[in-house]
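If you read the protein sequences in the order shown, they are chains A and B.
In this text, residue positions in the first sequence follow this note's numbering: the first is 26, and each later residue adds one.
In this text, residue positions in the second sequence follow this note's numbering: the first is 32, and each later residue adds one.
Cβ coordinates follow ideal geometry from the N, Cα and C atoms, glycine included.
Please read all numbers here as calculations on a predicted model, not as lab measurements.
Structure first, commentary second.
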Amino acid sequence: ETGVTQTPRHLVMGMTNKKSLKCEQHLGHNAMYWYKQSAKKPLELMFVYNFKEQTENNSVPSRFSPECPNSSHLFLHLHTLQPEDSALYLCASSQADGNSPLHFGNGTRLTVT
Amino acid sequence: GEDVEQSLFLSVREGDSSVINCTYTDSSSTYLYWYKQEPGAGLQLLTYIFSNMDMKQDQRLTVLLNKKDKHLSLRIADTQTGDSAIYFCAPRPYSSASKIIFGSGTRLSIRP
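Here is the structure:
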């Protein structure tokens with residue numbers, strides 16, 4: 026079982042809906058990440074949080090809104106998405122020490138209709 | 032920008048060795064990771080090598096690093112059906128985990 030848990034595993038939403046993806050890590054890490062994995066495209070880093078502070082936003086559209094209330098939890102709030110936002114959204118965590126690898130959750134498969 | 036290249040597909044016969052290759056451009060990479068992604072799952076850290084090493088062996092896995100040519104390979108001995116997955120090469124500079132660049136992944140399929 027992965028130390029990074031994502032819910033829900035699958036989500037179907039209309040373009041006018043608002044939903045949230047949740048990620049929780051049980052590894053004692055202090056950095057958390059959102060990645061987007063689309064078919065036939067490389068893994069795209071979206072957001073990075075170190076010690077609950079956002080340190081990176083890779084030009085992600087504002088219809089994606091991250092939230093990191095503490096070092097163990099990470100959310101991705103979604104609103105007015107487009108069909109091209111359909112993808113696998115992966116959460117990862119690591120120690121923020123410049124040495125440690127990323128540990129991934131199993132992802133949320135999002136379909137926007 | 033920095034780039035990582037991998038072949039998209041590899042097919043091997045069960046029991047044979049699989050060799051997945053990767054080339055990268057970031058010469059400051061200190062750790063170089065291999066991740067495995069099975070269907071419906073996230074990326075699982077498989078193994079890694081530090082940049083001052085040229086080889087690392089871990090049971091059926093052998094990682095080779097040619098730092099001069101910026102070439103990394105993953106050899107899986109005695110490939111089994113459970114090895115079917117997508118394998119990602121991921122070099123990482125020392126400065127920050129967020130700078131990890133993932134390759135597009137190599138899909139390994141096993142023939143009986």
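I'd like the list of long-range same chain contacts for residue i, defined as Cβ closer than 6 Å, with 5 residues on each side in sequence excluded.
{"i": "residue 136/A", "result": "37 and 111"}
{"i": "residue 131/B", "result": "121 and 123"}
{"i": "residue 64/B", "result": "79 and 121"}
Using only the alpha-carbon positions, how far apart do residue i and residue j sit?
{"i": "residue 48/A", "j": "residue 31/A", "result": "4 Å"}
{"i": "residue 102/A", "j": "residue 73/B", "result": "20 Å"}
{"i": "residue 120/A", "j": "residue 55/A", "result": "5 Å"}
{"i": "residue 38/B", "j": "residue 130/A", "result": "25 Å"}
{"i": "residue 40/B", "j": "residue 54/B", "result": "15 Å"}
{"i": "residue 67/B", "j": "residue 43/A", "result": "32 Å"}
{"i": "residue 40/A", "j": "residue 124/A", "result": "40 Å"}
{"i": "residue 122/A", "j": "residue 128/A", "result": "14 Å"}
{"i": "residue 71/B", "j": "residue 133/B", "result": "18 Å"}
{"i": "residue 59/A", "j": "residue 113/A", "result": "11 Å"}
{"i": "residue 47/B", "j": "residue 137/B", "result": "17 Å"}
{"i": "residue 93/B", "j": "residue 50/B", "result": "9 Å"}
{"i": "residue 86/A", "j": "residue 115/B", "result": "35 Å"}
{"i": "residue 104/A", "j": "residue 91/A", "result": "12 Å"}
{"i": "residue 60/B", "j": "residue 82/B", "result": "7 Å"}
{"i": "residue 51/A", "j": "residue 118/A", "result": "10 Å"}
In terms of residue numbering, what span does the beta strand (DSSP E) encompassing residue i cover?
{"i": "residue 123/B", "result": "116–124"}
{"i": "residue 45/A", "result": "43–50"}
{"i": "residue 98/A", "result": "98–104"}
{"i": "residue 107/B", "result": "102–107"}
{"i": "residue 86/A", "result": "Premise fails: residue 86/A is in no beta strand (DSSP E) and is neither H nor E."}
{"i": "residue 57/A", "result": "56–62"}
{"i": "residue 81/B", "result": "74–81"}
{"i": "residue 82/A", "result": "78–82"}
{"i": "residue 38/A", "result": "35–38"}
DSSP beta-bridge partners for residue i?
{"i": "residue 141/B", "result": "43/B"}
{"i": "residue 112/A", "result": "135/A"}
{"i": "residue 86/B", "result": "95/B"}
{"i": "residue 67/A", "result": "Answer is none; residue 67/A lacks a bridge partner."}
{"i": "residue 124/A", "result": "Partner(s): none; residue 124/A has no beta bridge."}
{"i": "residue 30/A", "result": "49/A"}
List, in order along the chain, the chain A residues whose C-beta lies closer than 7 Å to that of residue i?
{"i": "residue 131/B", "result": "127"}
{"i": "residue 42/B", "result": "Within chain A, no residue comes near residue 42/B; the closest Cβ sits about 19 Å away, beyond 7 Å."}
{"i": "residue 135/B", "result": "67"}
Can you list the residues of chain A that residue i reaches, using a CB-CB cut of under 8 Å?
{"i": "residue 118/B", "result": "The premise fails here: residue 118/B is roughly 13 Å from chain A at the closest Cβ pair, so nothing lies under 8 Å."}
Any heavy atom of the ligand COA within a distance shorter than 7 Å of the CB on residue i?
{"i": "residue 42/A", "result": "Ligands displayed in this structure: none; no statement on the ligand COA is therefore possible."}
For a contact defined as C-beta to C-beta under 8 Å, what are the partners of residue i on chain B?
{"i": "residue 130/A", "result": "73"}
{"i": "residue 115/A", "result": "73 and 74"}
By Cβ distance below 7 Å, which residues in the same chain neighbour residue i in space, the five residues on each side in sequence not counted?
{"i": "residue 77/A", "result": "93, 95 and 96"}
{"i": "residue 56/B", "result": "33, 34 and 101"}
{"i": "residue 63/A", "result": "112"}
{"i": "residue 76/B", "result": "64 and 66"}
Going along chain A, which residues have a C-beta under 9 Å from residue i?
{"i": "residue 76/B", "result": "126, 127, 128 and 129"}
{"i": "residue 7/B", "result": "What is shown of chain B runs 32 to 143, which leaves residue 7/B out entirely."}
Ordered along the chain, which non-local residues of its own chain (more than five positions away) have a Cβ less than 8 Å from that of residue i?
{"i": "residue 75/A", "result": "55, 56 and 121"}
{"i": "residue 83/A", "result": "69, 70, 71 and 72"}
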